[in-house]
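Enquirer: Let me begin by handing over the structure; questions about it come next.
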Amino acid sequence: MRLARFVLGRLLATIVVLFVLGLATYGVFYLLPSDPAQLSCGRPCTPQGLATARAFMGFNHPWVVQYFQFVAGIFTGRTFGTGVTAIHCAAPCFGYSFQQNQTVLSLITSRVPVTFSLAIGAAIIWLLVGVGIGVLSALKRGTALDRITMAGAVAGVSAPAYVVGLLAIIIFGLNLNIVPDNGYVPLTQNPVGWLWHMITPWLVLAFLQAAIYTRLTRTQMLDVLNEDFIRTARAKGVPERAVVGRHALRNVLLPVVTVFGIDLGALLGGAIITETVFSMPGVGALLIGAVHSLDLPLLLGCTLFAAFLIVIANFLVDLLYGALDPRARLT
Amino acid sequence: MTFSTEGAETVAADEVSYSVAAGEVLAVVGESGSGKTVTAMSLLGLLPPTATVTGAAFLSGTSLFELDREQLRQIRGERVGFVFQEPMSALNPVFTIGAQVAEAITVHHKIPSAKARQRAEELLHSVGLPDPARVVRAYPHELSGGQLQRVVIAMAVANEPALLIADEPTTALDVTVQADILELLRDLRSRLGVGILLITHDMGVVADLADRVVVMHEGKVVEHGTVTEIFGNPQQEYTRQLLGSVVSLAGTPTAPPVDESGELIERGAQVAVVGHPATRSVVDSPATEPTLRITDLSVVYVGRFRSIAVHAVDRVSVHIEPGEVLGLVGESGSGKSTLASTVVGLVPTTAGTIELAGANLATLRGKARRTALGRIGMVFQDPGSSLNPRATVGASIAEPLLLHSDLRGGDLDARVRELLDAVSLPTAMAGRFPHELSGGQRQRIGIARGIALNPALLIADEPTSALDVSVQARVLELFRTLQTELRFACLFISHDLAVIEEVAGRVAVMHRGHVVEQGPTEQVLATPLHPYTHRLITSAPVADPEDQRRRREAWRAAVG
Amino acid sequence: NANPTQDAAGSSSTTKPGGTLYVINDTSSNYYDPAKSQGLATTSNGLVHRRLTAWELTPGQDAKVVPDLATDTGRSSNNGATWSFTLKDGLKFSDGTPITSADIKWGTERTFAPAFAEGLGYHKTLLVGASGYTGPFSGQGLDSIETPDDKTIVFHLVRPFGDWPWIASLISLAPVPKGKGTTASYSTSPIASGPYQVASYQAGVAVNLSRNPHWDRSTDSVRPALPDKIVIQLSQNDTVISQRLIADNGNDQFAFGSSFVDPSQLAQLQGKPAVKPRVVTCSAGPISYLAMNTTKGPMANVAVRRAFQYAVDKGAYQVAWAGSAALAGPIATTLITPGIAGREVYDLYPTGPNGDPNKAKQMLAAAGYPNGLTGLKLVVSTSNSYADKAQSVAQSLARAGIQVNVQSMDDDTYNATVTANSVDYDLTLSGWNPDFPSANGNIEALYASSEVGNGGYNLSRYSSPEVDNMIHDAQGTIDPVAAGKKWAAVDKRIMQDAPVVPLIFARNSFLHGSKVDNFEVPDYPSYPNYLKMGIAQ
Amino acid sequence: MVTSVSAPRSLPAALVRTLRTDRWALAGAIVIVVLVFVAIAAPLLAAIEGQDPNAYHINALDPNSGLPAGSLGGISGTHWFGVEPLTGRDLFARVCYGARTSFLIGLAATVVAVVVGTLLGAGAGYLGGWFNRVITWLTDVLLGFPYLVFMIALGAIAPPSVPRPLLLILVIGFFGWPSITRIVRSQTLALRDRKFVSSARAMGAGPWHVFRTELLPNLWAPIIVVATLNIPANIGFEAALSFLGAGIPPPTSSWGQSISTASDWIQSDPLFLLFPAAALFLATWSFNVFGDGLRDALDPRMVVRR
Ligand SMILES: Nc1ncnc2c1ncn2[C@@H]1O[C@H](COP(=O)(O)OP(=O)(O)OP(=O)(O)O)[C@@H](O)[C@H]1O
Ligand SMILES: Nc1ncnc2c1ncn2[C@@H]1O[C@H](COP(=O)(O)OP(=O)(O)OP(=O)(O)O)[C@@H](O)[C@H]1O
Ligand SMILES: [Mg+2]
Ligand SMILES: [Mg+2]
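Protein chains in written order, with the numbering used here: chain A, 1465 to 1795; chain B, 8 to 567; chain C, 3 to 539; chain D, 8 to 313.
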């Protein structure tokens, strides 16, 4: 029925989106004057050295051809070079990073836990805190609390992420020395250590992200609280906190959830600044590295990975609409 | 009590005082906009912050205005139940009916949610909702006006309160259902000694249920007394005027013929289906050059994820000639509004065709379609939610004019004023926002909007349900004059058979998605062919306590 | 300013073996495949891989080439076109197998295989029959490398080349057990010849080096190998590194940062006398210069280029570089980097540290530009705040009526742009640190006509047949002293044509923890010498 | 003043009402005006101070650290906000001139993003069908776009002929609209089937009319929030682009660029960061408070505070 068709349609769209994005990545990459082979050419770089490097990395074909080789590789796997030194990348092969000497897939999968812990943890915090504060400042509209939280929110959006992270490290990590100053401990290895290493990055990230949630919740809340059905709820004797927390909030969530989808999707694809400042080996750090070292395969991999998450997040959010607000039918 | 709206202060109610004893029904009647609703709401402190209330209110000794939040909360819904005037906007759109009814119980009594749900279903059943199992899972926008109204009533009586404030509890109900509801209230009163504050325009209902009556006018109580006194010898001019403008059915109908054979019975222009409940609709009576012709229209609401599909309208064929008024009456939830909405394309048709002056609306696109729609005026059933909350009343009325006429600036204003005046609203109202109006006022805005363009076809869905009889009389008067002037065709949906008798030349009776009977109004009302029609007519209350009591007995006997 | 010699010399005697040394890297990887690495001989690779020769670096003195695996620094014949080395006895790989000349041959041949071709390639253009050779894995070896026996190895070069002993010290000529190193994993699990081996490699996180049991101290004079363990932390944030080392908590006491301490941190240290002794700055370093595109517009005119020598305010550049002359390093008037043998100091365009705008104006007028120059394009990389430095240069040029537009671009883009075959810039800022401490590495790469375009770093696009010949001649000279003189001459000759404005010999500053000893930063390569460091017990 | 009975409550009217009734909004508005003034009158202000935004003042620096000489980042009568480390450029002048680039570009870009985002979002939500699908599809692509590489590429290839401010505004706006679109769309989905929207449709109102008279008034609240919160992001975006050579070339100052440079000096010269950051904060804050006021003015149910 309808739902099924919707889901199917979106999944197909997803594939198209990813394909287009891959193509775009290649296109954009080849707008760059720099030549990735140059980096694998050695120093001093002789013309024939360059030629061999190019051929070996498969950069000697036009980029469209390369892209289709890449796409084919996903299904068939790929082999670079020949003989004993040949590099094999089994299907599904999302490319091979010559600089990191690993398949892009293994690189990303190895980094995913870090980024996911970071993003999801922070997301939970900022969602709860952001929405919570938003509701509060809506109820206490115009009071000092309202003004202060708004100033806080604004500070959050306008503060440079890098500085906030840095200060957090210097103050809590180095001066007070109460939390680790950097790094990451796998959850599986040592849950406590994991939490310990995560807490600052989470808070920093949450602080930077919470603003829009606070503000959106507040403004929507002000609208909804005036609706007639709120009056009905009160007339039923529903406690005020339930009136706000259940009846009103549910009607506020639509845009909030939307932003959440976008933010979380984006962050799962790598929280570049936070990861780098806190020296966390996440996907974001991987991506930025790939950009600076012109590691096209890795770049492509990271881009597609991030895009995939964003698309899926948006898709789930769209699915959620129907559940959140029965009137918000999707077509 | 006063409202401050951007500077201007509105006195909504002034020195109003009344009392309700346990087991007593006090009816508050009076002019639309006279402060009935706000006074009632002030009791539970439900007014917007813009309102300032002075005075005192006592609930069995405790002063309501002095209670703190928590105490007030415990009273709300537990000791005082409240039925809101406009059910469509009174329910939370994102929660299921079941959840909302169950909540009314659980906030005051710690019982397992499963039990609460079950209790909710019972309640919904007790207010005469067919198929409660479906209703509990439905969302508000999936229910009809009358169904919602019954849901609201169910919520109000959920905890068997000491005082029940019912603000226009039956406006959206057809008379049979209305009779059931009144029966329910009567039962609450006698069984549990519930005191009932009944706000209504329907003098029949007053006569049927009330012990004492308070008459309000321009924010003041002008008269009060026992129901017999008020109806017997009204003192005040306004009260007399009020009672004077009550319209009621002429005479009692003959019983329908029993067990006919065949599919249809015809008597002259009057046709009805055989069998109750019906399985088909009657055939359309022959048309010459109808403004609106609906042929074999079916509408099925495909259920959301779990719930089942609803056959709201089933193979209905009707037509309206220019200058003709087709009255559409019938059971609440029988598909009247759906039928109306399908005409203007708000609800997709499942089968059948709709022709406006010979043109099939379904095939029209873009500009052509819009101009076609421009020739249809629509008055929606719930005035509240059909007005843009952020547009001033004036702007709302002006909207169709902006769309389809070239009136601008001064002329536009003039026209808007004219329309406001036509529905006897002060021009000052133009600057107000919908939430600053009373139910009846909002409804009149809807009417003004509907007739703004002098439409070729007017679809009026319960246009007078929230109007007191005097205003109603004026509106109907206006309606007739326009009718004779512009000779527009009109689909007039109403529960008030008397009103139908007044305005409609022909009438169609709907039941469970079928048109079960159709024919010239006086014929149908006097000599109904279909049992449901008969029940409908016999259940209509009359505005005379004595008479109504006798009718009630008869009706009780009939339904057994 | 901090004088490193005291700092290091003071403690070196007391340091005993043992402990764990932490190296904090801002890079995300640290690979050990000799063929792929471009690392200096005295950094992490030097701990794992030995070569025929090695560097002896002492702050304040010129770098010297000394024997490592070989018994000497190489014997040349047929006037420098053939070089032979003999291996010491008792050399073993970390897998216990002996190190033979064949392994060095294999290691060298391996650098020609496309899969591993990304390391240092100075030997590739010198060895006979190298062009077109694609490595040993397909079966055939490189005949110009002879191994008459397990101990002897002979290199046949296409032309006399005096710096071969230096080439032999490069990572690319490190031994790889014959037949080994067929896969990329060799980068992370190499077979060590040096005192340390890779115990574990956590991609992007850390590399753990442990002692190589088969390494014999007696065969190695350049590596004290003091710490028992060395942990190289990866992908750390620069600023955080400095802050950690300043805070000096826990393990950071045994740590040092492998990247430069940037001006903002140096400034911060002004207020922290306690930390200052842990900042080590070399007394001079790699040259930083303003290259003028000798093939385009007014810059093609040598008179104009000479005017520039006076127009630039090198003093201001020092401030822009690191905040003060002391932190930035001495003003440069020559091309060869301090710390390299044969360097001679001279100044063809003497003026004060702030230049002489008026003189520049006059010279421009004389050159036919009476009312200065406008619209010159100065391109720079966005990396280590060259954009700001460029503006200081722009400012000083403005004093002499030269108006330039600065364009900054991403580092890779920059490199591609300036080393492309056709370019449209007039000026660019750059710096150069040779891969090995020979004047050759300073001169040829930047001024030989062969290095114009095709990814070459002759950024001023300077091409003079005379200079090319002089370079060729100097390269062919075997006797270091004689060669040194020739290089100095080339240096002068080039500056007569003024293709660049030498700005400063940039000092690099590094921070280390309080428990790190023998922390030396010699002028060349103006980078900490990993091989000597130890932990104070 | 006598207003027409039929005229809808216009945005300008709401603006006036806000300024009259809401002190905070007024404060916000004043700040905005001041900032705009600063942007426009930057040369004048710099002249009054007697400084040039790009002139180096090595002598204003501490000779052995490159930090501003004197305490408080070198604040003095001659340098009101002190000077930049290493260069000694006058911070006051740079912040003033920065307003031109950052504030104006950030603003313009936001406007572009919001206008496009709102139109497409409302369109997708209201019309649904293929239009909705295409928009969803587009937003997905743009949200997942490798904009980092794109920015670098742009820096490398953007032809100098294109006026940079325009380029910046378009690029930033282009990447800004998708999120706004999605938010507006979500709201529209809920509004689409509200009775008053349907009734307009039943009245024969075309999409554009419905958008203007029914949807927009009920969309303002979230739009205002998102728009005002977008400004700092866009200013940061400008900095990044300029840094990569795709934007305003140096030495032209911009808050974003100042902030990113100053971030490295947070420890040694915090005041270097303070002023541009404060300017950015003020800009964002002012738009937020003003936005709140506007929102209230546009909401008929709001209690009018006096
Ligand atoms: N929020 C408000 N702001 C300003 N005026 C209001 C507000 N609510 C109601 N009013 C005005 O107060 C008066 C009384 O309203 P009320 O709803 O009590 O009328 P009513 O007696 O219930 O009429 P009806 O029978 O039509 O419902 C009306 O004139 C109405 O315009
Ligand atoms: N959106 C919807 N989804 C599912 N069912 C619906 C929807 N709208 C209406 N219905 C159902 O269709 C039936 C007809 O509804 P409709 O509103 O036409 O009744 P009505 O005749 O107008 O009743 P009333 O007189 O109470 O307004 C009702 O049973 C209602 O529950
Ligand atoms: Mg009322
Ligand atoms: Mg209805």
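By construction, the Cβ of each residue, glycine as well, lies at the ideal position given by its N, Cα and C atoms.
Would you mind stating whether C:ALA476 and C:VAL492 have Cβ atoms separated by less than 9 Å?
Expert: Counting from 1 along the third sequence, the entry for residue 476 of chain C is found at position 474. Counting from 1 along the third sequence, the entry for residue 492 of chain C is found at position 490. In this structure, C:VAL492 lies closer than 9 Å to C:ALA476 by Cβ.
Enquirer: Look up A:ARG1542 in the DSSP assignment and say whether it is helix, strand or coil.
Expert: Here the question's residue 1542 of chain A lines up with position 78 in the first sequence. Correct three-state label for A:ARG1542: strand.
Enquirer: If I follow the unbroken beta strand (DSSP E) through D:PRO257, where does it start and stop?
Expert: If you number the fourth sequence from 1, residue 257 of chain D lands on position 250. Unbroken run through D:PRO257: none, as it is neither H nor E.
Enquirer: Assuming C:ALA441 and C:ILE338 are in contact, meaning their beta carbons sit under 8 Å apart, how far apart are those beta carbons, in whole angstroms?
Expert: Mapped onto the third sequence, residue 441 of chain C falls at position 439. Mapped onto the third sequence, residue 338 of chain C falls at position 336. That belief holds up - the Cβ atoms of C:ALA441 and C:ILE338 are roughly 5 Å apart, short of 8 Å.
Enquirer: Tell me the rounded alpha-carbon separation between B:VAL620 and B:GLN479.
Expert: No answer is possible for residue 620 of chain B: the residues shown for chain B start at 8 and end at 567.
Enquirer: Hey, does B:ASN395 have any beta-carbon neighbour from chain D nearer than 9 Å?
Expert: For the purposes of this step, residue 395 of chain B is taken as residue 388 along the second sequence, with counting starting at 1. So yes, B:ASN395 belongs to the interface.
Enquirer: B:LYS117: buried (16+ other C-beta within 10 angstroms of its C-beta) or exposed?
Expert: Taking the first residue of the second sequence as position 1, residue 117 of chain B is located at position 110. With fewer than 16 Cβ atoms within 10 Å of its Cβ, B:LYS117 is classed as exposed.
Enquirer: Run through DSSP, which three-state label would C:ASP426 get?
Expert: On the third sequence, position 424 is the one that residue 426 of chain C refers to. In this structure, C:ASP426 counts as coil in the three-state DSSP scheme.
Enquirer: Going by CA-CA distance only, name the one from C:PRO372, C:PRO332, C:ALA367 that's closest to C:ASN356.
Expert: Walking along the third sequence from the start, residue 356 of chain C turns up at place 354. The candidate whose alpha carbon is nearest that of C:ASN356 is C:PRO332.
Enquirer: Looking at B:HIS148 and ligand 2, is the gap between the Cβ and the nearest heavy atom below 8 Å?
Expert: Numbered from 1 along the second sequence, position 141 holds the residue referred to as residue 148 of chain B. Relative to ligand 2, the nearest heavy atom lies less than 8 Å away from the CB of B:HIS148.
Enquirer: Out of curiosity, what's the CA-to-CA distance linking D:ARG312 and D:ASP29?
Expert: Stepping through the fourth sequence from its first residue, residue 312 of chain D is reached at position 305. Stepping through the fourth sequence from its first residue, residue 29 of chain D is reached at position 22. In this predicted model, D:ARG312 has a pLDDT of only 41, less than 50, meaning its place in the structure is not dependable; the value taken from the coordinates is given anyway. Distance between the alpha carbons of D:ARG312 and D:ASP29 is about 7 Å.
Enquirer: Confirm, please, whether the CB-CB distance from C:VAL50 to C:VAL242 is below 9 Å.
Expert: The count along the third sequence starts at 1 and reaches residue 242 of chain C at position 240. The count along the third sequence starts at 1 and reaches residue 50 of chain C at position 48. Taking 9 Å as the Cβ cut-off, C:VAL242 and C:VAL50 do not qualify as a contacting pair.
Enquirer: For A:HIS1552, name the three-state secondary structure that DSSP assigns.
Expert: For this step, residue 1552 of chain A is matched to residue 88 along the first sequence. The answer is strand: DSSP assigns A:HIS1552 an E or B state.
Enquirer: Give the single residue among B:PHE72, B:SER67, B:GLY68 whose Cα lies nearest to the Cα of B:SER50.
Expert: Position 43 of the second sequence, counted from the first residue, corresponds to residue 50 of chain B. In the sequence as presented, Ser is not what sits at residue 50 of chain B; that position holds Leu. Minimum Cα-Cα distance from B:LEU50 among the listed residues B:PHE72, B:SER67, B:GLY68 corresponds to B:PHE72.
Enquirer: With 9 Å set as the bound, which would you pick, yes or no: does the beta-carbon of C:TYR24 sit closer than that to a beta-carbon of chain A?
Expert: The count along the third sequence starts at 1 and reaches residue 24 of chain C at position 22. Judged by the 9 Å Cβ criterion, C:TYR24 is not in contact with chain A.
Enquirer: Should C:THR421 be labelled buried (16 or more other beta-carbon atoms within 10 Å of its own) or exposed?
Expert: Taking the third sequence and counting its residues from 1, the one referred to as residue 421 of chain C is at position 419. Buried, by the Cβ-count rule.
Enquirer: Quick one: grab the DSSP three-state call for C:ILE252.
Expert: To locate residue 252 of chain C, count along the third sequence from 1; it is residue 250. A quick correction: the sequence has Gly, not Ile, at residue 252 of chain C. Here C:GLY252 carries a helix assignment [DSSP, helix/strand/coil].
Enquirer: Does the distance from the C-beta atom of A:ALA1777 to that of A:GLY1725 stay below 9 Å?
Expert: The count along the first sequence starts at 1 and reaches residue 1777 of chain A at position 313. The count along the first sequence starts at 1 and reaches residue 1725 of chain A at position 261. Taking 9 Å as the Cβ cut-off, A:ALA1777 and A:GLY1725 qualify as a contacting pair.
Enquirer: Anything in chain A within Cβ reach of D:LEU155, meaning under 7 Å, just list it in chain order.
Expert: Your numbering for residue 155 of chain D matches position 148 in the fourth sequence. Ordered by position in chain A, the residues that pass the 7 Å Cβ test against D:LEU155 are VAL1755.
Enquirer: Using the beta-carbon count (16 or more within 10 Å), is B:ASN240 buried or exposed?
Expert: Taking the first residue of the second sequence as 1, we reach residue 240 of chain B at position 233. So B:ASN240 ends up on the exposed side.
Enquirer: Following the continuous alpha helix (DSSP H) through B:VAL182, name the residue where it begins and the one where it ends.
Expert: Locating residue 182 of chain B in the second sequence gives position 175, where the first residue counts as 1. Element bounds for B:VAL182: 182 to 199.
Enquirer: Just to confirm my understanding: we take C:PRO359, look at its own chain, exclude 5 residues before and 5 after, and list those with CB closer than 7 Å. What are they?
Expert: Indexing the third sequence from 1 puts residue 359 of chain C at position 357. For C:PRO359, where only same-chain residues beyond five positions count, the Cβ hits under 7 Å are ALA313, ARG401, ALA402.
Enquirer: With a threshold of 7 Å on Cβ separation, who are the neighbours of D:GLY112 within its own chain once the five nearest residues in sequence on each side are excluded?
Expert: As a first step, residue 112 of chain D is located in the fourth sequence; it is residue number 105 there, counting from the start. Here residue 112 of chain D is Ile; the residue named in the question, Gly, does not match the sequence. Excluding positions up to five away in sequence, the list reads PRO172, LEU175, ILE176, GLU245.
Enquirer: Taking three-plus beta-carbon pairs below 8 Å as touching, is the region 243 to 257 of chain C in contact with the region 280 to 298 of chain D?
Expert: Contact fails: fewer than three Cβ-Cβ distances are below 8 Å.
Enquirer: Counting C-beta neighbours from all protein chains within 10 Å, is the total for D:TRP272 16 or more, i.e. buried, or is it exposed?
Expert: Within the fourth sequence, residue 272 of chain D is the residue found at index 265, counting from 1. Under this definition D:TRP272 is a buried residue.
Enquirer: Leaving aside the five residues before and after A:LEU1750 along the sequence, list all residues of the same chain whose C-beta is less than 8 Å from its C-beta, in chain order.
Expert: Residue mapping note: residue 1750 of chain A aligns to position 286 of the first sequence, counting from 1. The answer, listed in chain order, is LEU1571, ILE1572, ARG1575, GLY1734, LEU1762, CYS1766.
Enquirer: Just the C-alpha distance for D:ASP69 and A:HIS1756, rounded to the nearest angstrom, thanks.
Expert: Here residue 69 of chain D is taken as the residue at index 62 of the fourth sequence, counted from 1. Here residue 1756 of chain A is taken as the residue at index 292 of the first sequence, counted from 1. If you take the alpha carbons of D:ASP69 and A:HIS1756, they lie about 35 Å apart.
Enquirer: Would you list, in chain order, the members of the region 176 to 190 of chain B that have their beta-carbon closer than 9 Å to a beta-carbon of chain A?
Expert: Listed in chain order, the positions of the region 176 to 190 of chain B with a beta carbon within less than 9 Å of a beta carbon of chain A would be empty, since no residue qualifies.
Enquirer: CB of B:ILE500 to nearest heavy atom of ligand 4: below 8 Å?
Expert: In the second sequence, residue 500 of chain B corresponds to position 493, counting from 1. The answer is yes for B:ILE500.
Enquirer: Taking the alpha-carbon of D:VAL148 as reference, which of A:ASN1565, A:VAL1621, A:PHE1483, A:SER1581 has the nearest alpha-carbon?
Expert: Reading the fourth sequence from its first residue, position 141 is the one you call residue 148 of chain D. For D:VAL148, the closest of A:ASN1565, A:VAL1621, A:PHE1483, A:SER1581 by C-alpha to C-alpha distance is A:PHE1483.
Enquirer: Check whether chain D comes within 9 Å of B:ALA369, counting only Cβ atoms and requiring the distance to be less than that.
Expert: For the purposes of this step, residue 369 of chain B is taken as residue 362 along the second sequence, with counting starting at 1. So no, B:ALA369 is outside the interface.
Enquirer: So B:PHE387 contacts chain D; which residues on that side make the cut at Cβ distance below 7 Å?
Expert: Translated into the one-based positions of the second sequence, residue 387 of chain B becomes position 380. By Cβ distance, chain D contributes LYS202, SER206.
Enquirer: Mind listing which residues of the region 1487 to 1500 of chain A have their C-beta closer than 7 Å to chain C's C-betas, in chain order?
Expert: Listed in sequence order: LEU1496, PRO1497, SER1498, ASP1499.
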